[in-house]
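Report on one structure; see the data block that follows.
Protein chains in written order, with our numbering: chain A, 110 to 258; chain B, 92 to 175.
Now the structure itself:
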């Protein structure tokens, strides 16, 4: 099994089939294309999007539903194409799609979730994108614990 | 902020070599064409905001921050929201 040195999890063993390809990287990290989701039961619902290319790049995230259980996913045509999804599919998103909100926890501030740009992963193709919405319905700094719109 | 009224087909120029043309306009959308040198980074503003937010998220979490996050996330969400 492949091994990757990580800042947060030390030597991390993962199955090669678990790697997720981000064809266009993530905003701010455009050069990073391969990640794994690290999920530890004691940290649920928290998961970490761990870069396989950079040991120190690990982004905390939660399922968007844990932040807003009525979250309505909206993908641009470009993102739908990358993910191999069509918005006309029923149900949408289909069950093989995971939708995560990246969290930010400043040392002395309010923790927030990025609902403007969820990380959307198609588990059947192992392709992911950070889908930046083109509407202004959700915030990139949604306060955790705040009521949802 | 400088405000300029333009119609489809018209354009504005920024500096020596950046031109922004209004290609089309509807009630809800404006379609822009941008001509600029390759060295000029052009991106949707929200993508830049998300990039900044991702870099802040990547600074990492201490054990106590993870605990705090889990507390917030696992708090029952059925608390009544007081009317404004």
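Each residue gets a CB set at the ideal place from its N, CA and C atoms; glycine is no exception.
Restricting to Cα atoms, I'd like to know which of the options is closest to residue i.
i, options, result
"residue 234 of chain A", "A:192, A:223, A:148, A:150", "A:192"
"residue 182 of chain A", "A:225, A:162, A:161", "A:225"
"residue 162 of chain B", "A:152, A:242, A:126, A:250", "A:152"
"residue 124 of chain A", "A:110, A:130, A:137", "A:110"
"residue 249 of chain A", "B:164, B:136, B:158", "B:136"
Please list, in chain order, the chain B residues whose beta carbon lies closer than 8 Å to that of residue i.
i, result
"residue 254 of chain A", "163, 166"
"residue 241 of chain A", "135, 137, 138, 141"
"residue 161 of chain A", "Residues of chain B passing the Cβ test: none, with the nearest at roughly 15 Å."
Strictly below 9 Å CB to CB, what residues from chain A border residue i?
i, result
"residue 159 of chain B", "214, 220"
Does residue i come within less than 8 Å of chain A when only Cβ atoms are used?
i, result
"residue 148 of chain B", "yes"
"residue 113 of chain B", "no"
"residue 151 of chain B", "yes"
"residue 110 of chain B", "no"
"residue 101 of chain B", "no"
Counting only beta-carbon atoms, is residue i nearer than 8 Å to chain B?
i, result
"residue 249 of chain A", "yes"
"residue 225 of chain A", "yes"
"residue 132 of chain A", "no"
"residue 152 of chain A", "yes"
"residue 155 of chain A", "yes"
"residue 126 of chain A", "no"
"residue 136 of chain A", "yes"
"residue 230 of chain A", "no"
At 7 Å on the CB atoms, spell out the chain A contacts of residue i, in chain order.
i, result
"residue 107 of chain B", "Going along chain A, no residue has its Cβ under 7 Å from residue 107 of chain B, so there is no contact; the nearest lies around 28 Å."
(request) Taking only beta carbons into account, state which residues of the region 164-196 of chain A come closer than 9 Å to chain B, listed in chain order. (result) Residues of the region 164-196 of chain A that bring their beta carbon within less than 9 Å of a beta carbon in chain B comprise 165, 166, 167, 168, 169, 170, 171, 175, 176, 178, in sequence order.
(request) Could you please tell me which residues of the region 138-149 of chain A, in chain order, have their CB closer than 7 Å to any CB of chain B? (result) Within the region 138-149 of chain A, the qualifying residues are 138.
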